[in-house]
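Here's the structure we're looking at; comments come further down.
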Amino acid sequence: MDLVQIGVIHSMYGSHEEAPRQGRLVDDVSTIEIYPEYADCLKDIETVSHLIVLYWAHKADRSIHQSSTPFGEEIHGVFATRSPNRPNPVSLGIADLVQRRGNTLTVRRLDALDGSPVIDIKPYSSAIDSIPDAVIGWR
Numbered sequence: 000m001d002l003v004q005i006g007v008i009h010s011m012y013g014s015h016e017e018a019p020r021q022g023r024l025v026d027d028v029s030t031i032e033i034y035p036e037y038a039d040c041l042k043d044i045e046t047v048s049h050l051i052v053l054y055w056a057h058k059a060d061r062s063i064h065q066s067s068t069p070f071g072e073e074i075h076g077v078f079a080t081r082s083p084n085r086p087n088p089v090s091l092g093i094a095d096l097v098q099r100r101g102n103t104l105t106v107r108r109l110d111a112l113d114g115s116p117v118i119d120i121k122p123y124s125s126a127i128d129s130i131p132d133a134v135i136g137w138r
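Encoded structure:
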């Protein structure tokens, strides 16, 4: 498997304790710097209102396999939670695209820590990416 870092996230969050539980719950601004060799991948991105940002949770503890959540003390397997601590800390955030300036994207509502490597960006589509009746049974 070849995973290529395409950029880096610059945010106000230096640690997990500083970051919000979910980025969609706050109005904070971050920037995503796309490396010059991938700048051509940004063509037409300014026509997109929301982005799916896939990034590497570089400060996650990869040895944690079970965790509690903000909803209670009960322990769950990390694959049943949204914990950043997991064997492969691939994180997904839905961000509002505020502005593109060259190879830099200004976004809102992303909970990524400062310095998080970006591994992909995709346009969010409410017709494809939203499942209104999805459930988490233990909640």
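Numbering follows numbering that gives the first Met the number 0, in which position 114 of the sequence shown is assigned residue number 113; successive positions increment by one, without gaps. For glycine and all other residues, C-beta sits at the position ideal for the given N, C-alpha and C. What you are looking at is a predicted structure, and each value in this text was computed from that prediction instead of being measured.
Same chain only: Cβ atoms within 7 Å of residue i, ignoring 5 sequence neighbours per side
i: residue 32; result: 6, 7, 9, 102, 103
i: residue 123; result: 49, 50, 51, 93
Rounded Cβ spacing between residue i and residue j (contact assumed at less than 8 Å)
i: residue 82; j: residue 74; result: Not really, about 11 Å apart at Cβ, beyond 8 Å.
i: residue 93; j: residue 23; result: 6 Å
Three-way DSSP call (helix, strand, coil) for residue i in this model
i: residue 36; result: helix
i: residue 90; result: strand
i: residue 106; result: strand
i: residue 53; result: strand
Of the listed residues the options, nearest to residue i (C-alpha basis)
i: residue 86; options: 120, 59, 43, 47; result: 59
i: residue 136; options: 123, 79, 122; result: 79
i: residue 97; options: 61, 108, 84, 12; result: 108
i: residue 50; options: 134, 128, 132, 14; result: 128
i: residue 48; options: 3, 15, 105, 76; result: 105
One or two residues paired with residue i in a DSSP bridge
i: residue 46; result: Per DSSP, none; premise fails for residue 46.
i: residue 118; result: Beta-bridge pairing links residue 118 to no other residue.
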